[in-house]
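Peer 1:
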Amino acid sequence: MPLKTLHPLLEDGCEDSSITPEPYMKCAFVGISNWALDPAKMNRGIFVQRGTPKPKELKQIAKEICRGSQSGDTNVGRFIAPLANGYLEICDAKKPEERDLTEFFGLRDFYSLMKMVVNFADNTKSLNRNQLEHSIRRNFGGFDPEKFDPMEFFEKQCNLETLEHQEDGRPPVDSIGLIQSSLSGEDTALEGMESRYLLILTENLSVLSIILAEFHSKDMHPEVVFGSKFRDDVSYTQVCHNIYRIKTCMDMGKPVILLNLDDLYESLYDALNQYFSTWGGRKFVDLGLGTHRVKAFVDDNFRLVVIADKNKVHSQFPIPLINRLEKHYVSATSLLTDEQKQVKRELENWAEEFVTPQMLYKNVCPSSCEGCGAELTRPYKLSCQLHFIGSCCKDKIENELIERKCPVKDCGEEIRLEEWVIDSVALENRQYFENSSTETAFIGYSTETTALAVRKAAEQFDGEYNSSEV
Numbered sequence: 001m002p003l004k005t006l007h008p009l010l011e012d013g014c015e016d017s018s019i020t021p022e023p024y025m026k027c028a029f030v031g032i033s034n035w036a037l038d039p040a041k042m043n044r045g046i047f048v049q050r051g052t053p054k055p056k057e058l059k060q061i062a063k064e065i066c067r068g069s070q071s072g073d074t075n076v077g078r079f080i081a082p083l084a085n086g087y088l089e090i091c092d093a094k095k096p097e098e099r100d101l102t103e104f105f106g107l108r109d110f111y112s113l114m115k116m117v118v119n120f121a122d123n124t125k126s127l128n129r130n131q132l133e134h135s136i137r138r139n140f141g142g143f144d145p146e147k148f149d150p151m152e153f154f155e156k157q158c159n160l161e162t163l164e165h166q167e168d169g170r171p172p173v174d175s176i177g178l179i180q181s182s183l184s185g186e187d188t189a190l191e192g193m194e195s196r197y198l199l200i201l202t203e204n205l206s207v208l209s210i211i212l213a214e215f216h217s218k219d220m221h222p223e224v225v226f227g228s229k230f231r232d233d234v235s236y237t238q239v240c241h242n243i244y245r246i247k248t249c250m251d252m253g254k255p256v257i258l259l260n261l262d263d264l265y266e267s268l269y270d271a272l273n274q275y276f277s278t279w280g281g282r283k284f285v286d287l288g289l290g291t292h293r294v295k296a297f298v299d300d301n302f303r304l305v306v307i308a309d310k311n312k313v314h315s316q317f318p319i320p321l322i323n324r325l326e327k328h329y330v331s332a333t334s335l336l337t338d339e340q341k342q343v344k345r346e347l348e349n350w351a352e353e354f355v356t357p358q359m360l361y362k363n364v365c366p367s368s369c370e371g372c373g374a375e376l377t378r379p380y381k382l383s384c385q386l387h388f389i390g391s392c393c394k395d396k397i398e399n400e401l402i403e404r405k406c407p408v409k410d411c412g413e414e415i416r417l418e419e420w421v422i423d424s425v426a427l428e429n430r431q432y433f434e435n436s437s438t439e440t441a442f443i444g445y446s447t448e449t450t451a452l453a454v455r456k457a458a459e460q461f462d463g464e465y466n467s468s469e470v
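Numbering (full-length UniProt numbering), first residue to last: 1 to 470.
Dropping the structure here:
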């Protein structure tokens, strides 16, 4: 039904605007939306916009969440203000992306953080560093920790260095351990409360096999639903078919992994909210199909995982969808052990040296003058036979405006003026090596493929070593 038909109802509370309605004929409306409606609708009501709560409000909300804690204020209460301040800082922080991601983290993330902290406090009676870090990383992930680490915003606020580490490493704080905990719910599941569904951001979809392996290790066999931008894949018929597959898995308690289903996610918003209704002792939720709603039963064991390219999530995914999911950044590199990371670094260094021209053995000039940084079109090789300058620095040296020494730091060899010769060979060689890199020299090379190769080699070595012992 077009929203324009609501105008009489919004104005007078009655469909017929030609009469004066009796009080019992009037109907009240409350609209909730993630987006502003057109002025014709908004001018017919009272517009209330809810922004980010002020620090005082946020702390009050956190206190209400902690009110039911069995451990009391002494255990959880002292972390309320630090966690609230850390949340406000991480929301305001500049994210390492071009798109404005100020709302990448929302109140859902903060509420979930507080619930996890309360759960840990009730179960162990005292909070340790592993528990706080686990809770923070579970709810404020989604970026490469080397570029944007959420712990930087919470560590000082919560004085985490004063807390003890758990000797057994539980709960885990590494990327794959966080995902395992979310899938199983064994570390943080409260009675009557499920872990949020997952959004896994990746460099590429190669991590799908790793996620499948985690499910298989728990004797779970998820349904993988792929999508694409082909015409038939985005048709209404195919969307209905995919919704039916998800609905069946919800009823059976079978996990679902979604990939490239951008046209489908909006239909799952109610399911992602996890605000289930109960009927006959079972939970159910509405699934959207255009203007229609379909009721679907949800088994307690049902889990939903969305896997997407990180660049696409950061640049295109709607913020309401991102806020509803527990976000994790997973790359092949993040899954390596310290020893495997060292092997990866050595491989990358070798690959870089392999394609990088060695100035000692190859006569190649740089693209800019090594004295002043200007564009180098007429390279003069200096007496050291290692560095090049242009006409700009050559004229200054001849006019004694600068010293007759190699301008490169840590070289400084004396320059003999009688040796000024344009090195045309070095200029010609530059065109072959100027844009040389590991990515252009090796087909399909990337830091992710290197990490995958190291991980695969380690698994192969472990398998052969174990079989030889037997």
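Cβ coordinates follow ideal geometry from the N, Cα and C atoms, glycine included.
Remember, it's a predicted structure, so these values are computed and weren't measured experimentally.
May I ask you to report which of helix, strand or coil DSSP gives V285?
Peer 2: Three-state DSSP puts V285 in a strand.
Peer 1: Enumerate in chain order the residues of its own chain whose CB-to-CB distance from N323 is below 6 Å, with the five nearest sequence positions on each side excluded.
Peer 2: G106 and R108
Peer 1: Are P171 and F215 touching if we call contact CB-CB under 8 Å?
Peer 2: no
Peer 1: Helix, strand or coil for E414, going by three-state DSSP, please let me know.
Peer 2: strand
Peer 1: If you check the beta carbons only, do N139 and L178 fall under 8 Å apart?
Peer 2: no
Peer 1: Quick check on W420: does DSSP put it in helix, strand or coil?
Peer 2: coil
Peer 1: What's the gap between the Cα of residue 471 and the Cα of S315?
Peer 2: Nothing can be reported for residue 471, as the shown portion of the chain is limited to 1 through 470.
Peer 1: DSSP on V30, reduced to helix/strand/coil?
Peer 2: coil
Peer 1: Is the beta carbon of E223 closer than 8 Å to that of C240?
Peer 2: no
Peer 1: Of all the options C158, P53, A93 and G280, which has the alpha carbon lying nearest to the alpha carbon of V117?
Peer 2: Of C158, P53, A93 and G280, the residue nearest in Cα terms is C158.
Peer 1: Going by beta-carbon coordinates alone, are R293 and Y197 separated by less than 8 Å?
Peer 2: no
Peer 1: Going by the CB atoms, is the gap between A93 and F153 shorter than 8 Å?
Peer 2: yes
Peer 1: Give me the Cα-Cα distance between residue 475 and E352, rounded to the nearest whole angstrom.
Peer 2: Not covered by the structure: residue 475. The range shown for the chain is 1 to 470.
Peer 1: Exposed or buried, what is T162 when buried is set at 16 or more other beta-carbons lying within 10 Å of its beta-carbon?
Peer 2: exposed
Peer 1: Taking only the alpha-carbon atoms, compute the straight-line gap between K386 and C411 and give it to the nearest angstrom.
Peer 2: First, the amino acid is wrong: residue 386 is Leu here, not Lys. Using only the alpha carbons, I get a separation of about 9 Å.
Peer 1: Helix, strand or coil for Y329 per DSSP?
Peer 2: strand
Peer 1: Nearest CA to the CA of G371: which residue from A296, A451, F226 and G390?
Peer 2: G390
Peer 1: Can the beta-carbon of S331 be found closer than 8 Å to that of E448?
Peer 2: yes
Peer 1: Using alpha carbons as the reference points, say which of E203, R416 and K344 lies closest to residue 479.
Peer 2: Any question about residue 479 goes unanswered here, given that the chain covers just 1 to 470.
Peer 1: Per DSSP, which residues does V224 bridge with? Please list them.
Peer 2: I257
Peer 1: Which residues bound the alpha helix (DSSP H) around R293?
Peer 2: Not the alpha helix (DSSP H): R293 falls in the beta strand (DSSP E), residues H292 to V298.
Peer 1: Would K405 and E414 qualify as a contact pair, given that the criterion is a beta-carbon distance under 8 Å?
Peer 2: yes
Peer 1: Looking at the secondary structure, which residues open and close the beta strand (DSSP E) in which S277 lies?
Peer 2: That run of the beta strand (DSSP E) goes S277 to W279.
Peer 1: Which residue comes first and which comes last in the alpha helix (DSSP H) that contains L83?
Peer 2: I80 to D92
Peer 1: Do L325 and L259 have their beta-carbon atoms positioned less than 8 Å apart in this structure?
Peer 2: no
Peer 1: DSSP three-state call for A453: helix, strand or coil?
Peer 2: helix
Peer 1: If you draw a straight line from the C-alpha of V30 to the C-alpha of R50, how long is it?
Peer 2: Roughly 14 Å between the two C-alpha positions.
Peer 1: What are the residues that DSSP puts in a beta bridge with V117?
Peer 2: Paired residue(s): none; V117 is not in a bridge.
Peer 1: Note down the Cα distance separating K26 from E155, rounded to an integer number of angstroms.
Peer 2: 54 Å
Peer 1: Under the rule that 16 or more other beta-carbon atoms within 10 Å means buried, what is K394, buried or exposed?
Peer 2: Classification of K394: buried, given that the 10 Å Cβ count is 16 or more.
Peer 1: Spatial neighbours of S182 within its chain, please: C-beta separation below 7 Å, excluding the five flanking residues on both sides.
Peer 2: R138, S195, L198 and E326
Peer 1: From K218 to P366, what distance separates their C-alpha atoms?
Peer 2: 56 Å
Peer 1: When you compare only the Cα positions, how much space is there between Y236 and S228?
Peer 2: 14 Å
Peer 1: Rank I257, F297, N363 and D174 by C-alpha distance to the C-alpha of Q274 and give the top, closest one.
Peer 2: F297
Peer 1: Would you mind working out which of K147, F79 and F148 sits nearest R129, comparing C-alpha positions?
Peer 2: F79
Peer 1: Compare the C-alpha of residue 473 against each of L101, I210 and Q60 and name the closest.
Peer 2: Absent from the model: residue 473. The displayed extent of the chain is 1 to 470, so no value can be given.
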